[in-house]
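Everything on this sheet refers to the single structure shown next.
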Amino acid sequence: METYLRCTVLPQVVKCSICGDRAVASLPYARLVLCRKHFTEFIEKKVEKTIKRYKLVGKGWRVLVAVSGGKDSSTLLTILAKLAEVLDLSLLAIYINLGIPEYSEKCLSTVRKLVELLNVKLIIVDVKEAVGYTIPELAAKLRRPACSVCGTVKRYILNAAAIESRASALALGHNLDDLAAYALKEFLNQNLGQVSKFGPKTESISDLAVGRIRPLYEVLERESLIYALVNNIPFLPDECPYVRLSSLEFTLKNQLNKLESRFPSIKVSFIRRLAKNLGKYPRIQQELTKCITCGLIASTELCSFCRMTKRVLGRPQGSIVREYIRNKLKELK
Amino acid sequence: MQVRLRIVPGGEEKVLEIKGKATVRRVLNKLGLSPEEYVVTRNGEVVVEDEEVIDGDLLEVYRVASGG
């Protein structure tokens, strides 16, 4: 019997600088090329170091983690779930259903897969149920851009849920590129008082607001995506239909990437120096008070969420949303 | 050689003709995409930009930056 040798063409592969396995990520700023295993360890170590360096959490803390179904928050929850034991944290995830046709349902189904895989409890806040309107409906009624309405609603719900769940911190999936672009945008506009908002954490304010932490502060957006892909983490690569890819933030991200390829490590240096110099930027002098209807943080008599919902519904909705969240938390137990 | 290519999400698969040896970086450049703005999987595995591609490969291209 004749034997035929089948000729297989194998591509030249790039190898891990540590073990020689096939590389999945090239990190010029760290002068490393890493395989799946060593890249995963590198990112997890980086997040752990960030948490410790900036003292983002304390022992025994309950951390509410905001998840959207996107790569960053999925990566964040996965890494925090791995670190929860060593850092002595208990995690609770929150997903806000914004009611954006098709997109929100896809996000929710991704988030469900993620929390099931990680065995983390999830609270789902449906904006239509809690407020009476979806984000697109609210935006149409207010004649405001959907992203601006969405920002106000999400900030309120996340803070209210953190207060109601007695969380010590609210973890957000902002990565290094997000924060560098936001800070640079404010600097270009010379809104110096806003620059100090883009550090790795904000402090809690008694019973008004829960401090926000950004454990992916030093993780590049590219690293967050690669981490999610190589670890088969459920995430939705789709972009929100309201996102404008022509926005200044998006353009700045691309320009910063071009800078990074010519001057490796410029982004990491920038974000670290920003964290170090936050105190040197002026703080917005704004008297903070308690919203007279919902009791959460406000800069005027009514918080921005209560003001906004009063305009649409004729009555402020904050305390109703807080009660909705309390009921959702009871269902969890 | 021919490689199949799909932009994620939602992009339709298309076939790209390339002469001679090529790396992921060369394929992205040919498409007018900056390598620093994309992550590529080859036949389902994430690869670095200097990895070689071969005839018949399926490349899936993910844009790194999400808007905001």
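So the protein sequences, as listed, match chains A and B. Those letters in the first sequence? Residues 1 to 333, per the numbering used here, in order. Those letters in the second sequence? Residues 1 to 68, per the numbering used here, in order. Think of the CB as a built atom: it goes at the ideal place given N, C-alpha and C, for glycine as much as any other residue.
Look at the Cβ atom of residue i, then the Cβ atom of residue j, and state whether they are nearer than 8 Å.
i        : j        : result
A:Val111 : A:Gly69  : yes
B:Val46  : B:Val61  : no
A:Ile163 : A:Tyr217 : no
A:Glu239 : B:Ser34  : no
A:Leu176 : A:Val219 : yes
A:Leu92  : A:Leu64  : yes
A:Cys294 : A:Arg326 : no
A:Lys71  : A:Leu225 : yes
A:Ile297 : A:Ala209 : yes
A:Ala146 : A:Pro200 : no
A:Arg62  : A:Ala167 : yes
B:Val48  : A:Val243 : no
A:Ala181 : A:Lys253 : yes
A:Lys59  : A:Asp88  : yes
A:Gln317 : A:Ser299 : no
A:Leu158 : A:Val127 : no
A:Pro215 : A:Leu80  : yes
A:Lys106 : A:Leu236 : yes
A:Arg283 : A:Gly151 : no
A:Val125 : A:Leu77  : no
For residue i, count neighbouring Cβ atoms within 10 angstroms of its own Cβ and tell me buried if that reaches 16, exposed if not.
i        : result
B:Gly68  : Legend: pLDDT at B:Gly68 = 47, less than 50; position of this residue unreliable, value from coordinates given subsequently. Under this definition B:Gly68 is a buried residue.
A:Phe263 : exposed
A:Val33  : buried
A:Cys19  : exposed
A:Glu331 : exposed
B:Arg42  : buried
A:Pro101 : exposed
A:Gln12  : exposed
A:Asn277 : exposed
A:Ser74  : buried
A:Leu255 : In the sequence as presented, Leu is not what sits at residue 255 of chain A; that position holds Gln. It counts as exposed.
A:Ile96  : buried
A:Thr289 : exposed
A:Ile51  : buried
A:Ile205 : exposed
B:Leu57  : For the record, residue 57 of chain B in the displayed sequence is Asp; it is not Leu. B:Asp57 comes out buried.
B:Asp55  : exposed
A:Gly173 : buried
B:Leu59  : buried
Just list the residues that DSSP pairs residue i with in beta bridges.
i        : result
A:Asp126 : A:Asn97
A:Ala25  : A:Leu34
A:Ser165 : A:Ser165 is not bridged to any residue.
A:Arg214 : A:Arg214 is not bridged to any residue.
B:Ile7   : B:Val61
A:Ile205 : A:Ala209
B:Thr23  : B:Glu52
A:Thr289 : A:Ala298
A:Arg62  : A:Ser90
B:Val47  : B:Val40
A:Lys121 : A:Leu92
Can you look up residue i in the DSSP assignment and give me helix, strand or coil?
i        : result
A:Thr75  : helix
A:Ser299 : coil
B:Glu17  : strand
B:Gln2   : strand
A:Lys280 : helix
B:Ala70  : Absent from the model: residue 70 of chain B. The displayed extent of chain B is 1 to 68, so no value can be given.
A:Cys19  : coil
A:Arg244 : coil
A:Arg143 : coil
A:Ser90  : strand
A:Val312 : helix
A:Val219 : coil
A:Glu137 : helix
A:Leu108 : helix
A:Leu170 : strand
B:Val39  : strand
A:Val12  : Note that residue 12 of chain A corresponds to Gln in the displayed sequence, not to Val. Three-state result, A:Gln12: coil.
A:Ser236 : Here the sequence assigns Leu to residue 236 of chain A, which means Ser is not the residue at that position. Here A:Leu236 sits in coil by DSSP.
A:Val131 : helix
A:Val67  : coil
A:Gln194 : helix
The ligand ADP and residue i: does the residue's C-beta get closer than 7 Å to at least one heavy atom of that ligand?
i       : result
B:Ala65 : With respect to small molecules bound, the structure shown includes none, and the ligand ADP cannot be examined in it.
Self-check item: Residues of the stretch 251–264 of chain A with Cβ closer than 8 Å to any Cβ of chain B, in chain order
Solution: Correct list: Lys253, Asn254, Asn257, Lys258, Glu260, Ser261.
Exercise. Name, going along the chain, the residues of the stretch 210–226 of chain A whose beta-carbon falls closer than 7 Å to a beta-carbon of chain B.
Key: Residues Glu221, Arg222, Leu225, Ile226.
Exercise. Would you list, in chain order, the members of the stretch 3–24 of chain B that have their beta-carbon closer than 8 Å to a beta-carbon of chain A?
Key: Going along the stretch 3–24 of chain B in chain order, one finds Val8, Pro9, Gly10 with a Cβ nearer than 8 Å to chain A.
Quiz item: Closer than 7 Å, Cβ to any Cβ of chain B: which residues of the stretch 45–74 of chain A, in chain order?
Solution: Answer in chain order: Gly70.
Exercise. Name, going along the chain, the residues of the stretch 84–106 of chain A whose beta-carbon falls closer than 8 Å to a beta-carbon of chain B.
Key: Residues: none.
Quiz item: Listed in chain order, which residues of the stretch 10–24 of chain A have Cβ atoms closer than 9 Å to some Cβ of chain B?
Solution: Listed in sequence order: Leu10, Pro11, Gln12, Val13, Val14, Arg22, Ala23, Val24.
Quiz item: Which of the residues in the stretch 230–250 of chain A, read from start to end, lie with their CB under 7 Å from any CB of chain B?
Solution: Within the stretch 230–250 of chain A, the residues whose Cβ lies closer than 7 Å to some Cβ of chain B are Val230, Pro237, Asp238, Glu239, Val243, Arg244, Leu245, Ser247, Glu249, Phe250, listed in chain order.
Exercise. Report the residues of the stretch 25–43 of chain A with a CB closer than 7 Å to any CB of chain B, ordered along the chain.
Key: The stretch 25–43 of chain A vs chain B, Cβ under 7 Å: Ala25, Ser26, Val33.
Practice problem: Determine which residues of the stretch 162–181 of chain A have a Cβ less than 9 Å from any Cβ of chain B, and write them out in chain order. | Solution: From the stretch 162–181 of chain A, only Asp177, Asp178, Ala181 have a Cβ closer than 9 Å to chain B.
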